[in-house]
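Notes to accompany the following structure.
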Amino acid sequence: MSSDLQIGLSGILTAQRSMLVTSHNISNANTKGYTKQSSVLAARNPTITTAGTLGQGVELVKIIRHKDDYLNSRLRDISSSIGSASIKSQYLKELETVFNETSDSSLNNALSSFFEGINDLSQYPEDMSIRSTFLENANTLTDTFRRIVNELDQMKTFIKQSIENKLSDVNTITSNIANINKQIASLKTKGIESNDLLDKREALLHDLSKLTHITVNTQNNGMVDVMTPGGSLVSGTNVKSLTFDIDTSGTLSITDSEKMSKFTFKTGEIKALQDFYNTTIANYDKKLDTLASGIIKDVNRIHSEGVGLSGGFTSIKSINSVSSSTAALNTAGLTITPSTGDMYITVINTSTGAVTKNKVSVNVATNSLTDIKNAINATVSGTAGNITASIADNKLQIGAATGYKFNFSYALDPN
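Residue numbers (our numbering): 1292 to 1706.
Structure follows, in structure tokens:
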């Protein structure tokens, strides 16, 4: 073939191949993760003659991707932050639904009704309808606390399942990245550009960045290493699978599948879920426990000092039991740990109306339930006679002899 025909043919073939690259770009305009490609043309090696070099036309030397490594890195960082924000927004809305302060069944309304009932009861303690309403309000408050705690527990269960699913996604993505790494390295040794594989890998890295913040380093052989705070996820063709673990304190940690090391994620959907599980919901649980315990403790304290319409008790038995009657009260497994202080028992002779007030000192760090029983018998019985404390099923019970009543009011009031 003559040189002029070869030169013309090279131009036609090169133009045709360049059009294929352009068509490839147009076809993938809406393909996720696709990067625009361009043809790089160069003059073919000339023929050397006595008169000098003689051109041989044009050729397509390579097809390049229009990529920006810095921009891709920033996009991954932003994607990770957006992933965190999206999860936080989702679960904050769910928390808002749980507490639902605008509804009639909210905790705020239950508390208001409860304390209004206390106020009414303090003014008209003998009114049976007010007593009944107060008990209904107390039950409503209790049910509201239980509902919120149950819904928070359900949310934690859902979050745990979501973390498990997303860690499975991480493991799938990292395995795919490692497989593509192998293909890219193989093509690179043959001098072949792997643009479409690079696009697929970049799309996978972007998906991975939504789940957790990552750092990507490219090796000379074209493979990438993917790292996150706590360790490497992908190193060439090697992959570290992730799972989670919950310790005895209820804290959820991200670990490798062998549970040899913990991963501390910086941002991303998994980090946001982990924070909600370990911190946000745990803090709400703690605040609810503190609020409920405070109400229980104060109501029990006030109620224990109250005197019924009949003027006192003939026998009572504690509701809560200790784990051991000989253990110090602050280590005896009580739901609410009692405080160190003085307990007053007022004994009433129903025949004469005589009233005797007795003080029993309690140190929760050194006194056991048995010590309290003995102190009551030694102090109260010795003064008033006819009042006996005993222990049954690790519960304290106090009884009065016929003709006597008792209460825990500080004041000397038989009624």
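Glycine included, C-beta positions come from ideal geometry on N, C-alpha and C.
Computed from a prediction, not measured in an experiment: that's the story for all the values here.
In this structure, Val1530 keeps its C-beta atom at 8 Å or more from the C-beta atom of Thr1433. Taking a 10 Å sphere around the C-beta of Ile1610, we find fewer than 16 other C-beta atoms and assign the residue as exposed. Here the alpha carbons of Arg1592 and Ser1397 stand approximately 26 Å from one another. Note that the C-beta distance between Ile1639 and Val1646 is below 8 Å. Annotated three-state conformation of Ser1642 is coil, per DSSP. Under a 10 Å Cβ-count criterion, Thr1628 is classified as exposed, with fewer than 16 other Cβ atoms of the shown protein chains found around its own Cβ.
Beta-bridge partners assigned by DSSP to Leu1412: none are found.
A straight-line Cα-Cα distance of about 5 Å links Val1655 and Asn1621. By alpha-carbon distance to Thr1571, the top candidate from Asn1363, Ser1642, Lys1379, Val1653 is Lys1379. With a 10 Å radius around the Cβ and a threshold of 16 neighbouring Cβ atoms, Val1590 comes out exposed. It is roughly 27 Å from the alpha-carbon of Thr1388 to the alpha-carbon of Ser1540. Between the stretch 1555–1566 and the stretch 1368–1387, the count of Cβ pairs shorter than 8 Å is three or higher; the stretches touch. Taken atom to atom, the span from the alpha-carbon of Asn1467 to that of Leu1489 is near 12 Å. Collapsing the DSSP output to three states places Phe1697 in a strand.
For Gly1541, the secondary structure class from DSSP, reduced to helix, strand or coil, is coil. In this structure, Leu1495 is the residue among Leu1495, Asn1569, Ile1682 with its C-alpha nearest to the C-alpha of Leu1366.
Leu1478 and Glu1484 have their C-alpha atoms roughly 7 Å apart.
Secondary structure at Asp1580: helix, using DSSP grouped into helix, strand and coil. Per DSSP, reduced to three states, the secondary structure at Leu1600 is coil, with no helix or strand assignment. When C-beta atoms of the stretch 1390–1410 are compared with those of the stretch 1534–1552, fewer than three pairs fall below 8 Å, so the two segments do not count as touching. Around Gly1559, the same chain offers Ser1371, Gly1374, Ser1375, Ser1500, Lys1501, Leu1502, Thr1503, His1504 as residues with beta carbons nearer than 8 Å, after the five sequence neighbours per side are excluded. Listed in chain order, the non-local C-beta contacts of Met1518 below 6 Å within the same chain comprise Thr1506, local neighbours out to five positions each way being set aside. DSSP, read as helix, strand or coil, puts Asp1684 in coil.
Rounded to the nearest whole angstrom, the CA to CA distance from Ala1334 to Lys1457 is 51 Å. For the options Lys1578, Thr1617, Met1634, the alpha carbon positioned closest to that of Ser1595 is the one of Met1634. Pairwise C-beta distances place the stretch 1571–1588 out of contact with the stretch 1521–1528, as fewer than three of them are shorter than 8 Å.
Of the residues assessed, Phe1554 falls on the buried side of the cut-off, its CB having 16 or more other CB atoms within 10 angstroms. Under the three-state reduction of DSSP, Glu1549 is assigned to coil, being neither helix nor strand. In the displayed model, Met1419 falls within a helix according to three-state DSSP. Tyr1568 has no beta-bridge partner at all, per DSSP. Note that the C-beta distance between Ala1683 and Asn1668 is not below 8 Å. Here the alpha carbon of Thr1641 sits roughly 11 Å from the alpha carbon of Phe1604.
For Met1310, the secondary structure class from DSSP, reduced to helix, strand or coil, is helix. By the beta-carbon neighbour count (other beta carbons within 10 angstroms, threshold 16), Ser1606 is exposed. Nearest to Phe1390 by alpha-carbon distance, out of Thr1435, Met1419, Ser1364, Val1349, is Thr1435. Within the same chain, and ignoring the five residues on either side of Val1671 in sequence, the residues whose Cβ sits closer than 6 Å to its Cβ are Ile1636, Asn1649, Ile1678.
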